[in-house]
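In terms of the numbering used here, the numbers along the sequence shown are unbroken and rise by one, the last being 164.
These notes are about the structure you will find just below.
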Amino acid sequence: MSQITTHILDTARGVPAAGVRVALAQWRDGAWAELGAGVSDADGRVATLLPPGETLPAGECKLTFATADYHRAAGAPGFYPRVEIAFCVAAGGAHYHIPLLLGPFGYTTYRGS
């Protein structure tokens with residue numbers, strides 16, 4: 052499993068959000084460097100943003116969720132074309148699970164387990 056994982060739930064429809072592109076980036080040398088990307092599976096999960104065993108150095112990271120395509124495919128309006136969640140990774144290689152609870156006009160997140 053990747054050190055960084057995510058799970059997307061469509062709170063308006065009450066189902067996992069499948070088919071959402073998610074990109075992982077880290078702030079390096081004054082710019083965002085994309086480290087990996089994936090698409091949420093039928094359960095709304097992306098577990099392969101980094102190769103297994105790869106550990107990020109401490110620093111600021113972000114996940115970018117391409118939500119416009121998801122809402123369009125679901126036939127729903129969407130106010131946010133993308134959702135970016137920035138977070139800090141500490142040294143030591145801990146696992147970070149960053150869920151996204153998504154609706155057409157709002158979203159929330161938290162550090163999961």
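Heads up, the beta-carbon is just placed ideally off N, CA and C, and yes, glycines get one too.
None of these values were measured; they are calculated from a predicted model.
- [ ] Could you name the residues of the same chain whose beta carbon sits closer than 6 Å to that of L31, not counting the 5 residues immediately before and after it, in chain order?
- [x] Here the chain comprises residues numbered 52 to 164, so residue 31 is not present and cannot be evaluated.
Open item on the list: Measuring straight from C-alpha to C-alpha, what distance separates Y147 and P128?
Closed with: 30 Å
Task: I149 - partner residues in DSSP beta bridges - done: Answer is none; I149 lacks a bridge partner.
TODO: Would you kindly work out how many angstroms separate the C-alpha atoms of A141 and A109, rounded to a whole number?
DONE: 5 Å
- [ ] Taking T57 and V97 to be in contact with their CB atoms under 8 Å, please state how far apart those CB atoms are, rounded to whole angstroms.
- [x] 5 Å
Task: Bounding residues of the alpha helix (DSSP H) (the contiguous stretch that carries F123) - done: This sequence places Arg at residue 123; Phe is not what is there. Taken as a continuous stretch (DSSP letters only), the alpha helix (DSSP H) holding R123 covers 118–124.
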